[in-house]
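Chains as they are written, first to last, in this note's numbering: chain A, 1 to 165; chain B, 1001 to 1165; chain C, 2001 to 2165; chain D, 3001 to 3165; chain E, 4001 to 4165; chain F, 5001 to 5165.
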């Protein structure tokens, strides 16, 4: 466990990051290209990880990306990202994307995803990051779910290794 | 279970799809932007899903994206994608990205990922797809791992639901 | 003066919108391309205008864009935009861009700009927007400066017309 | 006042620079994205400034961007830029964008803008540029309007400073 | 042979079209990506063809693209395009790209290419275009070389057909 | 003639490289932008040339690009490239692009083109490449046509020189 003082979730979070959809964001079915949304999440999650760790960070893994509903032309996407939990040098960052109709204020849930970043020191070796301090009820819930997800990932990996024995 | 005749993996697979890295593919650490690689995988996986199902398909989920090593300037990326398994209207497509040094022929493993696509009929409703026929030993292994991954995902989702009461 | 009820500045503002600079954002002098920053401001200001007016909006004018300092590779840009004042169908939106060093938290002032948007009805004709309610001291100061800027613009336009007689 | 010999406007001007609009230039209202037009003007104005000064130049300010009419799909944009006046190390460059219907030859006025660039020496410090020699009646008119705009800008800045006391 | 009145070369030509090279224009060897230059030539040649014919035009063929020298970072590319000759509904447009050092005014020859466009009527069928009137000595030389190139292309095509029996 | 051992065509070829068309690939007539297709061919041909020669390569020329039919929205482009022949340090690479309807498996011929690349040593000087070993009937046919095309190019160049004598 890192000896560094903890940092609250809010110190690195990104809230309601706005992206106005344009025609060149569309895929061949004329909904917003999901790959573009994933790429934007990754680029934003990098900022969360580097703010929290104060180190260069790299994406190690992405899990449980769920596309709930397609985003459409003229939607305004809202990206919300925050650090859920850290383990040594690695951090889980949750991303939630919504589509806002800017005329009515209505929003729809578009995508959820969980990114794992690793912090690196100046020699490119993993370096411990400060623990996260969850402060709100939602932050505590996410802090706990992160551990369940992590255990699920490790267990699935083991089962696949054994099956391929 | 779909009554449609099965299709072999090879009928829809993408093999050694080449992408020469250029400076505008770089992130702020001067390695290839991971979000761009994910987005390309998604765009290629769409072709695999639509070839197999002969229907319009949409990305439903992405799992277990692992970044093994950074890709660098002057690398040639090789994208390999194939259908691992299907369940009703949904299909798991595995992606494996390598970086080739085109001068020496050497390759390094960059990324693995698993995409779930759903096939839609002309009214936008899920429609059953043909079963996949795995033919090689690797294809059989991936067919079986897909089921383990799927069960792991469902189990983790249940555990998180229960934890959040 | 519009009869519509006023809306507070905060209801449409964009705060600390994050953009991680990548190598493909650079100009020929290897600082961040100013045109890209202006274009992003315009795309964000559109969201502010459409949120405030609940109408389709178009950029009518941009004034007093000042580049204070160049942004560099690896900076994280922070975009702050808010509605300063409205006159009938037109709205002045102020934009302030800072560059954050995500490792240290330090920020530098990069750019200020003032956008004028016009709200349109379903026939493409200008339509009155709600008055803005400035609530903080900064918002009141910006509300008043907006009027001075507007008068300055009109006076300069007149002087140039007269000079070109 | 610079001792350097003057240069005529024509030596650095850009005339009827052509840009064929494609679908990926559109905004969410399916007219040409204004931010893209501003960014192109900035990139072209840089060439005018560097040709005139024979030095590396940077954008210092942009003023009085007026969008006269939206550009549409299939339009051909025509960009016209020329140096209006210089003061020490700074130069005002006027930009005028028109939309041409290439089938009929008709043009519409889309946008006007005024860019201020500063020339830098090899240490990044401002360096005096040659005076501009206006030769045509239009060039003389623009030379004079540039001074009025500059005085208007300074006066407005003063008034805002005093108001914010 | 078209009965339409001829049009001079200058009525559709593009002269010294400026493009400032930025880092995201580079290929993996850090010179300007040739594919980008070809694509820009094609987009500009379309304007020349549509101006001359007053019809929708499509690229039919490209020949004799020669890369003379690589363009580098900080170069300003200059694109020159003009209509060399027409035959019924088809037109040969010559493109010549130079790289300007905007500080010294020096230019280098980068690329030459010849595009063949076809004009289409409102039903998408080829339609005759006005003859070109070459006025300068260079334009006459290009008018004549165009015929030699065309004959060479047809002869080579015949020889390959015969060889493949 | 190079003393290096020959390499079979298959060792460097690119087969059925997939590209799913998106709306931002369209030109002003809403078919796929031909310049984008040429640029992709160039980027892929570079990989073929560098694989064959094991050296840094540059595009020297492009010939006989023929657009057979427009590609449309929702098409999947298939790029096929292979080395036809080499002469000293230069190589002809043939490109053939088809459009696949991924739902039906149908394909249409979109474009053919011939790229000439030159291999460079570490000082940027041309260096001999291995001879190509054509193995299939099609590869032999292309090997022979390459020589005819080359002679045609040289003859046309001579004729134009003499005409401009």
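Glycine included, every Cβ here is placed at the ideal spot set by N, Cα and C. It should be emphasised that the depicted structure is a prediction, and the values quoted were computed from it without experimental measurement.
Residues bridged to residue i (per DSSP)
{"i": "residue 1126 (chain B)", "result": "B:1120"}
{"i": "residue 98 (chain A)", "result": "A:78, A:109"}
{"i": "residue 1085 (chain B)", "result": "B:1092"}
{"i": "residue 4133 (chain E)", "result": "E:4008"}
{"i": "residue 5026 (chain F)", "result": "F:5032"}
{"i": "residue 2059 (chain C)", "result": "C:2117"}
{"i": "residue 5018 (chain F)", "result": "F:5078"}
{"i": "residue 3065 (chain D)", "result": "C:2062"}
Rounded straight-line distance, which links the Cα of residue j to that of residue i
{"i": "residue 4086 (chain E)", "j": "residue 2023 (chain C)", "result": "44 Å"}
{"i": "residue 27 (chain A)", "j": "residue 3138 (chain D)", "result": "47 Å"}
{"i": "residue 1140 (chain B)", "j": "residue 1030 (chain B)", "result": "38 Å"}
{"i": "residue 4144 (chain E)", "j": "residue 3033 (chain D)", "result": "42 Å"}
{"i": "residue 2039 (chain C)", "j": "residue 3039 (chain D)", "result": "6 Å"}
{"i": "residue 2007 (chain C)", "j": "residue 2133 (chain C)", "result": "6 Å"}
{"i": "residue 2055 (chain C)", "j": "residue 21 (chain A)", "result": "16 Å"}
{"i": "residue 3159 (chain D)", "j": "residue 2155 (chain C)", "result": "13 Å"}
{"i": "residue 3135 (chain D)", "j": "residue 3142 (chain D)", "result": "11 Å"}
{"i": "residue 5103 (chain F)", "j": "residue 1050 (chain B)", "result": "6 Å"}
{"i": "residue 2121 (chain C)", "j": "residue 4157 (chain E)", "result": "59 Å"}
{"i": "residue 5047 (chain F)", "j": "residue 1035 (chain B)", "result": "23 Å"}
{"i": "residue 43 (chain A)", "j": "residue 2043 (chain C)", "result": "19 Å"}
{"i": "residue 2151 (chain C)", "j": "residue 2131 (chain C)", "result": "19 Å"}
Environment of residue i [buried if 16+ CB atoms lie within 10 Å]
{"i": "residue 4025 (chain E)", "result": "buried"}
{"i": "residue 4010 (chain E)", "result": "exposed"}
{"i": "residue 2116 (chain C)", "result": "buried"}
{"i": "residue 5162 (chain F)", "result": "exposed"}
{"i": "residue 4123 (chain E)", "result": "exposed"}
{"i": "residue 1074 (chain B)", "result": "buried"}
{"i": "residue 2005 (chain C)", "result": "exposed"}
{"i": "residue 3105 (chain D)", "result": "exposed"}
Chain-order list of residues whose beta-carbon lies under 7 Å from that of residue i (same chain, five-residue window excluded)
{"i": "residue 5118 (chain F)", "result": "5057, 5058, 5060, 5089, 5090, 5126"}
{"i": "residue 1111 (chain B)", "result": "1037, 1065, 1066, 1067, 1068, 1097"}
{"i": "residue 2045 (chain C)", "result": "2081, 2093, 2095, 2115, 2117"}
{"i": "residue 2063 (chain C)", "result": "2114, 2149, 2153"}
{"i": "residue 1147 (chain B)", "result": "1085"}
{"i": "residue 4071 (chain E)", "result": "4021, 4031, 4032, 4077, 4099, 4110"}
Sequence-distant residues of its chain with Cβ nearer than 6 Å to residue i (five each side left out)
{"i": "residue 2053 (chain C)", "result": "2119, 2129"}
{"i": "residue 16 (chain A)", "result": "78"}
{"i": "residue 1019 (chain B)", "result": "1077"}
{"i": "residue 5041 (chain F)", "result": "5095, 5113"}
{"i": "residue 4013 (chain E)", "result": "4082"}
{"i": "residue 4164 (chain E)", "result": "none"}
Own chain residues within Cβ distance below 8 Å of residue i, not counting five before or after
{"i": "residue 4107 (chain E)", "result": "4078, 4098, 4099, 4100, 4101"}
Residues that residue i contacts on chain H, provided the C-beta gap is smaller than 7 Å
{"i": "residue 51 (chain A)", "result": "Judged by its chain identifiers, the structure shown contains no chain H, and its protein chains are A, B, C, D, E and F."}
Of all the residues that make up the stretch 3029–3049 of chain D, which are near chain C by a beta-carbon distance shorter than 8 Å?
Closer than 8 Å at the C-beta level to chain C, one finds these residues of the stretch 3029–3049 of chain D: 3029, 3031, 3033, 3034, 3035, 3036, 3038, 3039, 3040, 3041, 3042, 3043, 3046.
- Query: What residues in the stretch 57–87 of chain A bring their beta carbon closer than 8 Å to a beta carbon of chain B?
  - Reply: Against chain B - using a Cβ distance shorter than 8 Å - the residues of the stretch 57–87 of chain A are 58, 59, 60, 61, 62, 63, 64, 65, 66, 67, 70.
Output, in sequence order along the chain, the residues in the stretch 3098–3128 of chain D whose CB is closer than 9 Å to any CB in chain E.
The residues in question are 3100, 3102, 3103, 3104, 3105.
Can you list, in chain order, the residues of the stretch 5005–5028 of chain F whose Cβ is nearer than 9 Å to any Cβ on chain A? Cβ contacts with chain A: 5020, 5021, 5022, 5023, 5024.
Cβ-based contacts, 7 Å cut-off: residues of the stretch 3135–3164 of chain D near chain C: Answer in chain order: 3141, 3144, 3145, 3148, 3149, 3152, 3155, 3156, 3159, 3160, 3163, 3164.
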